[in-house]
């Protein structure tokens, strides 16, 4: 887990502290797909109009919560042990 956080920190390092966890949409997508084999497994629209995406690798259990405005994506949380809820449709 520490290596995962370190890799995310390296990817997301930015000059401004407020943007340290944000990057262009395609950069975050490429990183999550390439490094962790994650894909979008769920999403929803916030009241602000921003999209919240849950990326996960169903084999390894890694997951990442991403908030995006369509131009910039920001990683809000990440971890392991991702699982779907049995008996729930569309999961």
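Residue numbers (this note's numbering): 95 to 185. Every residue, glycine too, gets a C-beta built ideally from N, C-alpha and C. Note that this is a predicted model, so its numbers are computed, not measured.
For residue i: DSSP bridge partner residues
i: residue 173; result: 157
i: residue 152; result: Answer by DSSP bridge pairing: none, since residue 152 is not bridged.
i: residue 146; result: 138, 161
i: residue 117; result: 167
i: residue 133; result: 150
Cβ separation of residue i and residue j, assumed to be a contact under 8 Å, to the nearest whole Å
i: residue 147; j: residue 160; result: 5 Å
i: residue 169; j: residue 158; result: 6 Å
i: residue 176; j: residue 150; result: 4 Å
i: residue 179; j: residue 116; result: Not a contact, Cβ separation roughly 29 Å.
Three-state secondary structure assigned by DSSP to residue i
i: residue 126; result: helix
i: residue 167; result: strand
i: residue 106; result: Any reading at residue 106 must be qualified, since the residue scores a pLDDT of 45, below 50, and its modelled position is unreliable; the value itself is stated next. It is helical.
i: residue 181; result: coil
Whether residue i touches residue j by CB criterion (7 Å)
i: residue 162; j: residue 119; result: yes
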